[in-house]
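This report concerns only the one structure given below.
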Amino acid sequence: MKHRIFGKKLGRNFNERKALFNSLTKSMFISGSINTTEAKAKSIVSTIESLSNMIISKPELSAKRELFKVLQDQTWVNNVFKTFKEVFGNQTSNFTQMTRIKRRYGDDALIVKLSFVKPIKFEQKKEKVKIETKKEAKKEIKVKSKVKKETK
3 MKHRIFGKKL
13 GRNFNERKAL
23 FNSLTKSMFI
33 SGSINTTEAK
43 AKSIVSTIES
53 LSNMIISKPE
63 LSAKRELFKV
73 LQDQTWVNNV
83 FKTFKEVFGN
93 QTSNFTQMTR
103 IKRRYGDDAL
113 IVKLSFVKPI
123 KFEQKKEKVK
133 IETKKEAKKE
143 IKVKSKVKKE
153 TK
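Sequential numbering of the sequence shown, starting at 3, is according to the numbering used here.
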(Lines of atoms letter the chains of each structure in order from A and count residues from 1; the text may use other names and numbers.)
(Lines give C-alpha, C1' and ligand atoms only; values in the text may rest on other atoms or scores of the structure.)
Protein backbone atom coordinates (compact mmCIF):
# COMPACT_ATOMS: atom_id res chain seq x y z
CA MET A 1 0.00 0.00 0.00
CA LYS A 2 1.23 3.47 -0.86
CA HIS A 3 -0.49 5.49 1.83
CA ARG A 4 0.89 8.99 2.47
CA ILE A 5 3.44 8.71 -0.36
CA PHE A 6 3.58 11.80 -2.52
CA GLY A 7 5.84 12.82 -5.39
CA LYS A 8 8.76 11.19 -7.10
CA LYS A 9 12.18 10.66 -5.58
CA LEU A 10 14.06 11.27 -8.85
CA GLY A 11 16.97 9.17 -7.60
CA ARG A 12 17.85 11.65 -4.87
CA ASN A 13 17.61 11.85 -1.10
CA PHE A 14 15.49 14.49 0.63
CA ASN A 15 18.10 17.27 0.79
CA GLU A 16 19.26 16.79 -2.81
CA ARG A 17 15.66 16.79 -4.02
CA LYS A 18 14.84 19.93 -2.05
CA ALA A 19 17.90 21.74 -3.47
CA LEU A 20 16.99 20.62 -7.01
CA PHE A 21 13.41 21.88 -6.68
CA ASN A 22 14.57 25.20 -5.22
CA SER A 23 17.09 25.77 -8.01
CA LEU A 24 14.58 24.86 -10.73
CA THR A 25 11.94 27.13 -9.20
CA LYS A 26 14.43 29.96 -8.84
CA SER A 27 15.57 29.70 -12.45
CA MET A 28 11.94 29.55 -13.60
CA PHE A 29 11.10 32.81 -11.86
CA ILE A 30 14.31 34.51 -12.98
CA SER A 31 14.37 33.49 -16.65
CA GLY A 32 10.68 32.91 -17.29
CA SER A 33 11.15 29.43 -18.80
CA ILE A 34 13.36 26.38 -18.35
CA ASN A 35 14.13 23.21 -20.30
CA THR A 36 14.13 20.10 -18.12
CA THR A 37 12.88 16.53 -18.06
CA GLU A 38 9.18 15.86 -17.83
CA ALA A 39 9.43 14.20 -14.41
CA LYS A 40 11.26 17.18 -12.88
CA ALA A 41 8.84 19.63 -14.51
CA LYS A 42 5.81 17.77 -13.17
CA SER A 43 7.39 17.76 -9.71
CA ILE A 44 7.86 21.54 -9.51
CA VAL A 45 4.71 22.73 -11.29
CA SER A 46 2.67 22.65 -8.09
CA THR A 47 5.27 24.75 -6.25
CA ILE A 48 5.42 27.33 -9.03
CA GLU A 49 1.63 27.49 -9.29
CA SER A 50 1.22 27.99 -5.54
CA LEU A 51 3.90 30.70 -5.41
CA SER A 52 2.33 32.44 -8.41
CA ASN A 53 -1.11 32.33 -6.82
CA MET A 54 0.37 33.62 -3.58
CA ILE A 55 1.90 36.63 -5.36
CA ILE A 56 -1.49 37.57 -6.79
CA SER A 57 -3.82 36.82 -3.88
CA LYS A 58 -1.96 37.18 -0.55
CA PRO A 59 -0.99 40.43 1.17
CA GLU A 60 2.21 41.92 -0.20
CA LEU A 61 4.54 41.39 2.75
CA SER A 62 3.76 37.72 3.38
CA ALA A 63 3.92 36.91 -0.34
CA LYS A 64 7.30 38.62 -0.65
CA ARG A 65 8.63 36.66 2.31
CA GLU A 66 7.51 33.35 0.79
CA LEU A 67 9.08 34.29 -2.55
CA PHE A 68 12.30 35.32 -0.78
CA LYS A 69 12.63 31.77 0.58
CA VAL A 70 13.09 30.59 -3.00
CA LEU A 71 14.84 33.48 -4.77
CA GLN A 72 17.01 34.66 -1.83
CA ASP A 73 17.65 38.08 -3.39
CA GLN A 74 15.51 41.05 -2.40
CA THR A 75 15.97 42.94 -5.69
CA TRP A 76 14.74 39.90 -7.64
CA VAL A 77 11.80 39.47 -5.28
CA ASN A 78 10.67 43.06 -5.81
CA ASN A 79 11.22 42.80 -9.57
CA VAL A 80 9.33 39.51 -9.93
CA PHE A 81 6.54 40.71 -7.68
CA LYS A 82 5.98 43.94 -9.65
CA THR A 83 6.19 42.29 -13.08
CA PHE A 84 3.96 39.39 -12.09
CA LYS A 85 1.22 41.71 -10.84
CA GLU A 86 1.32 43.66 -14.13
CA VAL A 87 1.23 40.63 -16.44
CA PHE A 88 -1.22 38.32 -14.69
CA GLY A 89 -3.47 40.83 -12.93
CA ASN A 90 -6.25 38.94 -11.12
CA GLN A 91 -5.62 35.49 -12.63
CA THR A 92 -5.68 32.83 -9.91
CA SER A 93 -4.58 29.63 -11.68
CA ASN A 94 -2.99 28.14 -14.80
CA PHE A 95 0.20 30.18 -14.76
CA THR A 96 2.46 27.56 -16.38
CA GLN A 97 2.50 25.45 -19.51
CA MET A 98 4.59 22.48 -20.60
CA THR A 99 5.66 22.06 -24.21
CA ARG A 100 7.35 18.85 -25.32
CA ILE A 101 10.60 19.58 -27.14
CA LYS A 102 12.58 16.42 -27.83
CA ARG A 103 13.94 13.20 -26.46
CA ARG A 104 17.39 13.28 -24.94
CA TYR A 105 19.90 11.24 -26.90
CA GLY A 106 21.62 9.47 -24.02
CA ASP A 107 18.72 8.04 -22.03
CA ASP A 108 15.70 8.87 -24.21
CA ALA A 109 14.19 11.09 -21.52
CA LEU A 110 11.48 13.48 -22.65
CA ILE A 111 12.67 17.10 -22.48
CA VAL A 112 9.98 19.74 -21.98
CA LYS A 113 9.96 23.52 -21.91
CA LEU A 114 8.26 24.74 -18.76
CA SER A 115 7.22 28.37 -19.12
CA PHE A 116 4.65 30.86 -17.98
CA VAL A 117 1.47 31.09 -20.08
CA LYS A 118 2.00 34.78 -20.79
CA PRO A 119 5.48 35.94 -21.82
CA ILE A 120 7.27 37.68 -18.99
CA LYS A 121 10.44 39.76 -19.22
CA PHE A 122 12.02 40.28 -15.85
CA GLU A 123 14.34 43.28 -15.95
CA GLN A 124 17.66 42.66 -14.32
CA LYS A 125 19.47 45.70 -13.03
CA LYS A 126 23.16 45.22 -13.60
CA GLU A 127 25.54 47.24 -11.52
CA LYS A 128 28.61 48.53 -13.28
CA VAL A 129 31.70 47.26 -11.54
CA LYS A 130 35.07 48.69 -12.49
CA ILE A 131 37.66 45.96 -12.76
CA GLU A 132 41.15 47.23 -12.15
CA THR A 133 44.29 45.55 -13.35
CA LYS A 134 47.31 45.21 -11.08
CA LYS A 135 49.20 47.85 -13.05
CA GLU A 136 46.43 50.42 -12.61
CA ALA A 137 46.27 49.73 -8.89
CA LYS A 138 50.05 50.17 -8.54
CA LYS A 139 49.89 53.49 -10.45
CA GLU A 140 47.20 54.78 -8.08
CA ILE A 141 49.27 53.80 -5.06
CA LYS A 142 52.32 55.61 -6.46
CA VAL A 143 50.30 58.73 -7.21
CA LYS A 144 48.80 58.75 -3.72
CA SER A 145 52.21 58.34 -2.09
CA LYS A 146 53.63 61.22 -4.19
CA VAL A 147 50.77 63.46 -3.16
CA LYS A 148 51.38 62.67 0.50
CA LYS A 149 55.10 63.47 0.18
CA GLU A 150 54.41 66.78 -1.54
CA THR A 151 51.94 67.89 1.13
CA LYS A 152 54.42 67.26 3.96
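Yeah, the Cβ is synthetic: ideal placement off N, Cα and C, and Gly gets one too.
Item                                                                                                                                                                    : Value
Can the beta-carbon of residue 46 be found closer than 8 Å to that of residue 27?                                                                                       : yes
With a cut-off of 8 Å, do at least 3 Cβ pairs link the segment 34-41 to the segment 79-92?                                                                              : no
Return the bridge partner residues of residue 104 from the DSSP annotation.                                                                                             : 113
Are the beta-carbon atoms of residue 114 and residue 105 separated by less than 8 Å?                                                                                    : no
Starting from residue 54, trace the alpha helix (DSSP H) both ways and give me its first and last residue.                                                              : 40-59
The alpha helix (DSSP H) spanning residue 119 covers which residue range?                                                                                               : Here residue 119 belongs to no alpha helix (DSSP H), and DSSP marks it neither H nor E.
Per DSSP, which one or two residues make a beta bridge with residue 29?                                                                                                 : Residue 29 pairs with nothing; no bridge assigned.
Are there three or more Cβ pairs, one per stretch, closer than 8 Å when the segment 50-59 is compared with the segment 87-97?                                           : yes
Rounded to whole angstroms, what's the CA-CA distance from residue 64 to residue 70? Just pull it up for me.                                                            : 10 Å
Kindly indicate the opening and closing residues of the alpha helix (DSSP H) around residue 85.                                                                         : 76-90
Round the Cβ separation of residue 43 and residue 116 to the nearest angstrom and send it over; I've been treating them as touching at under 8 Å.                       : 5 Å
When you compare the CB positions of residue 99 and residue 119, do they come within less than 8 Å of one another, or not?                                              : yes
Helix, strand or coil: how does DSSP classify residue 95 here?                                                                                                          : coil
Go ahead and label residue 3 buried or exposed: buried means 16 or more other beta carbons lie within 10 angstroms of its beta carbon, across all protein chains shown. : exposed
Let's test the definition: count the other Cβ atoms within 10 Å of the Cβ of residue 12 and tell me whether it reaches 16, buried, or not, exposed.                     : exposed
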